[in-house]
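Asker: This is the structure I have questions about; it appears just below.
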Amino acid sequence: MQNYTRGDILLTLKILQAQQIGRKNLSKFLGLGEATIRTLFRKLESEQLIVSTRQGQKITEKGHLYLIRAPDFTLPKPVQGRDLTLSEYNLASLVRSYSCNVRNGMQFRDAAIIAGACGATTLIFSHGKLHFPDNTPVTVETADYLIKEFNPQEDDILIIATAETEKKALRGLSGCLGILLQSKE
Numbered sequence: 002m003q004n005y006t007r008g009d010i011l012l013t014l015k016i017l018q019a020q021q022i023g024r025k026n027l028s029k030f031l032g033l034g035e036a037t038i039r040t041l042f043r044k045l046e047s048e049q050l051i052v053s054t055r056q057g058q059k060i061t062e063k064g065h066l067y068l069i070r071a072p073d074f075t076l077p078k079p080v081q082g083r084d085l086t087l088s089e090y091n092l093a094s095l096v097r098s099y100s101c102n103v104r105n106g107m108q109f110r111d112a113a114i115i116a117g118a119c120g121a122t123t124l125i126f127s128h129g130k131l132h133f134p135d136n137t138p139v140t141v142e143t144a145d146y147l148i149k150e151f152n153p154q155e156d157d158i159l160i161i162a163t164a165e166t167e168k169k170a171l172r173g174l175s176g177c178l179g180i181l182l183q184s185k186e
């Protein structure tokens with residue numbers, strides 16, 4: 002049985018910020034069982050972050066405030082790993098103004114592996130270029146592709162989780178997103 006993570010809480014609220022969604026659709030998106038999603042919804046309802054309606058779950062004002070306090074990130078998006086990743090399936094999320102919290106990216110790699118992915122790559126956007134946390138540049142072709150896909154701004158980071166399946170890549174990225182809350186505590 003897979004339990005939900007802090008990253009799943011962030012992803013759920015981010016999805017509900019854009020649209021109402023039911024248990025089955027969220028279960029499919031997050032790669033978690035419906036029973037786990039029910040438990041997640043009960044937790045979020047008890048914290049008054051969401052409410053249940055006939056059309057599905059809906060984020061509350063308190064839920065919006067929770068997201069505002071967390072680092073801003075994009076919903077996961079499939080990307081071509083090119084020369085950056087180890088596996089076939091790669092999902093990425095851009096985190097706004099987060100580079101000052103990145104030491105070497107190992108915290109994201111470790112979180113992704115613990116969550117079931119093969120790993121995660123962390124890139125920083127500064128001075129108009131994408132580079133690794135140690136300032137090693139990304140190849141021009143890969144940087145151009147990722148900049149076009151995500152439109153990063155100064156001090157944003159890009160986290161790319163990689164795995165043998167899309168579900169495992171999403172679980173890995175969810176683990177990485179859970180790290181974002183640790184920096185706010």
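Quick note: the sequence shown uses this note's numbering, first residue 2, plus one each step. Ideal Cβ placement from N, Cα and C applies to all residues, glycine included. Predicted model, so just to flag it, every value in this text is computed and none were measured.
1) If you count every other CB in all the chains shown that lies within 10 Å of the CB of C177, and 16 or more means buried, which is it?
2) Which complete beta strand (DSSP E) runs does the stretch 17-73 hold, if anything under 3 residues is left out?
3) Taking the beta strand (DSSP E) that L124 falls in, what are its first and last residues?
4) Give me the Cα-Cα distance between T137 and A71, rounded to the nearest whole angstrom.
5) On a Cα-Cα basis, can you pick out the residue from Q20, R43, S94 that is closest to F151?
6) Please report how far the alpha carbon of F133 lies from the alpha carbon of G82, in whole angstroms.
7) To which residues of the same chain is L87 closer than 8 Å at the C-beta, ignoring the five residues directly before and after it?
8) Within a Cβ cutoff of 8 Å, which residues of the same chain sit near K63, ignoring the five residues on either side of it in sequence?
Answerer: Reading it off the structure:
1) buried
2) 51-54, 57-60
3) 120-127
4) 28 Å
5) S94
6) 14 Å
7) C119, G120, T163
8) E48, Q49, L50
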